[in-house]
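Peer 1: Residue numbers (full-length UniProt numbering): 1 to 260.
Glycine is no exception: its CB is placed at the ideal position from the N, C-alpha and C atoms.
What follows is a single structure, and I will ask about it in a moment.
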């Protein structure tokens with residue numbers, strides 16, 4: 001029998017039109033939820049209802065812009081009357097060697113990955129408090145929150161910050177019945193990783209370090225996120241769930257031969 005853990009709930013999923021975000025959206029709808037998908041991809045947002053169904057509303061949003069994030073939360077409340085869960089999925093990487101990295105380059109990584117999670121957490125939590133408490137925030141971090149990678153100073157540092165933000169938010173908000181947890185995926189088969197895994201030698205370097213012997217499917221990361229957002233995880237707060245096929249046990253591959 002299909003699960004229905006999210007019947008009559010309202011969620012926001014940022015970065016929700018592709019990859020992990022889209023998988024989370026599909027699962028929420030399948031389990032009875034209503035969703036506001038926030039994304040910077042205007043073309044995909046325009047066809048959101050066609051893609052995910054009538055219980056999903058798409059909204060263009062720049063998650064590094066405070067007014068844009070506030071508007072997304074307001075959209076959820078205006079359309080559906082409440083907010084129950086917020087999934088901070090939007091992110092990305094602009095790689096570069098530390099000694100060559102400009103401050104603008106650094107700030108791009110911090111803004112896209114850490115500032116967006118901060119703003120989503122801030123405005124979702126404020127709404128939860130207005131509703132009298134309760135609510136769930138899930139921050140999608142990365143295995144790079146724990147493991148550095150060559151040319152990943154900005155990205156890895158930002159994702160480590162997402163994990164500490166998660167713990168800080170759980171500390172401050174737990175007394176109000178608000179749970180905040182993180183998920184740190186390993187290598188996932190998404191459009192963002194395709195440029196790497198389409199190169200056989202790079203894919204082999206990764207797979208050599210992943211005991212599971214394969215990439216994760218976005219649906220597998222979504223399943224972990226929905227577990228943490230559900231009542232099944234009612235006493236889990238401030239945690240970082242690593243979903244990596246045991247990759248962290250072996251270390252990060254040295255991709256310098258491929259990076260130039």
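Would you call the segment 68 to 81 and the segment 32 to 51 touching, i.e. three or more CB-CB distances under 8 angstroms?
Peer 2: Yes: at least three Cβ pairs fall under 8 angstroms.
Peer 1: Between which two residues does the beta strand (DSSP E) containing residue 243 stretch?
Peer 2: To locate residue 243, count along the chain shown from 1; it is residue 243. First-last of the beta strand (DSSP E) with residue 243: 240 to 243.
Peer 1: Around the C-beta of residue 47, are 16 or more other C-beta atoms found within 10 angstroms, so that it is buried, or is it exposed?
Peer 2: Looking up residue 47 in the chain shown gives position 47. When all chains shown are included, residue 47 counts as exposed.
Peer 1: Between residue 1 and residue 233, what straight-line distance do the alpha-carbon atoms span, to the nearest angstrom?
Peer 2: One-based indexing of the chain shown puts residue 1 at position 1. One-based indexing of the chain shown puts residue 233 at position 233. Summary for residue 1: the model assigns pLDDT 41, below 50, so the residue's position carries little reliability; its value from the coordinates is reported in the next sentence. Those two C-alpha atoms are separated by around 20 angstroms.
Peer 1: Taking 7 angstroms as the limit between beta carbons, can you name the residues of its chain near residue 166, skipping five residues before and five after?
Peer 2: Taking the first residue of the chain shown as position 1, residue 166 is located at position 166. So the qualifying residues of the chain are 139, 180, 181, 182, 238 and 240.
Peer 1: Less than 8 angstroms separating the beta-carbons of residue 242 and residue 143?
Peer 2: The sequence position of residue 242 within the chain shown is 242, counting from 1. The sequence position of residue 143 within the chain shown is 143, counting from 1. Yes, the Cβ-Cβ distance between residue 242 and residue 143 is below 8 angstroms.
Peer 1: May I have the straight-line CA-CA distance separating residue 216 from residue 245, to the nearest angstrom?
Peer 2: For this step, residue 216 is matched to residue 216 along the chain shown. For this step, residue 245 is matched to residue 245 along the chain shown. Straight-line Cα distance between these residues: approximately 8 angstroms.
Peer 1: Is residue 60 helix, strand or coil when you go by DSSP?
Peer 2: One-based indexing of the chain shown puts residue 60 at position 60. Looking at residue 60 - three-state DSSP - the assignment turns out to be strand.
Peer 1: Report yes if the CB atom of residue 277 is closer than 8 angstroms to the CB atom of residue 133, and no otherwise.
Peer 2: Not covered by the structure: residue 277. The range shown for the chain is 1 to 260.
Peer 1: Who does residue 39 pair with in a DSSP beta bridge?
Peer 2: Within the chain shown, the letter at position 39 stands for residue 39. According to DSSP, which records beta bridges pairwise, residue 39 is partnered with 60.
Peer 1: Taking 8 angstroms as the threshold (C-beta atoms), are residue 221 and residue 285 in contact?
Peer 2: Because the chain is modelled from 1 through 260, residue 285 falls outside the range shown and cannot be assessed.
Peer 1: Does at least one heavy atom of the ligand GTP sit under 7 angstroms from the Cβ of residue 78?
Peer 2: Here there are no bound small molecules, and the ligand GTP is not part of this structure.
Peer 1: According to DSSP, is residue 163 part of a helix, a strand, or is it coil?
Peer 2: Position 163 of the chain shown, counted from the start, is the residue given in the question as residue 163. Of the three classes helix, strand and coil, the one that applies to residue 163 here is helix, per DSSP.
Peer 1: Indicate the three-state DSSP secondary structure (helix, strand or coil) for residue 209 in the structure shown.
Peer 2: Counted from its first residue, the chain shown places residue 209 at position 209. It is helical.
Peer 1: Anyone know if the C-beta pair for residue 88 and residue 155 falls short of 8 angstroms?
Peer 2: Counting from one through the chain shown, the residue named residue 88 turns up at place 88. Counting from one through the chain shown, the residue named residue 155 turns up at place 155. No. Outside cutoff.
Peer 1: Looking at the unbroken alpha helix (DSSP H) that takes in residue 107, where does it start and where does it end?
Peer 2: Along the chain shown, one-based indexing puts residue 107 at 107. Per DSSP, residue 107 belongs to the alpha helix (DSSP H) from 103 to 110.
Peer 1: Are the Cβ atoms of residue 157 and residue 209 separated by less than 8 angstroms?
Peer 2: Looking up residue 157 in the chain shown gives position 157. Looking up residue 209 in the chain shown gives position 209. Going by C-beta atoms, residue 157 is not nearer than 8 angstroms to residue 209.
Peer 1: Could you give the distance in angstroms between the alpha-carbon of residue 64 and the alpha-carbon of residue 27?
Peer 2: Working through the chain shown from its first residue, we reach residue 64 at position 64. Working through the chain shown from its first residue, we reach residue 27 at position 27. When rounded, the distance between both Cα atoms is 26 angstroms.
Peer 1: Does DSSP classify residue 12 as helix, strand or coil?
Peer 2: Position 12 of the chain shown holds residue 12. Three-state DSSP puts residue 12 in a strand.
Peer 1: Just how far apart, CA to CA, sit residue 252 and residue 164?
Peer 2: Position 252 of the chain shown, counting from 1, holds the residue named residue 252. Position 164 of the chain shown, counting from 1, holds the residue named residue 164. Whole-angstrom Cα-Cα distance: 21 angstroms.
Peer 1: Leaving out the 5 sequence neighbours to the left and right, which residues in its chain are closer than 7 angstroms to residue 3 when beta-carbon positions are compared?
Peer 2: Position 3 of the chain shown, counted from the start, is the residue given in the question as residue 3. Within the same chain, residue 3 has close Cβ partners 31.
Peer 1: In this structure, how does DSSP classify residue 152 when only helix, strand and coil are distinguished?
Peer 2: On the chain shown, residue 152 is found 152 positions in, with the first residue counted as 1. Three-state result, residue 152: strand.
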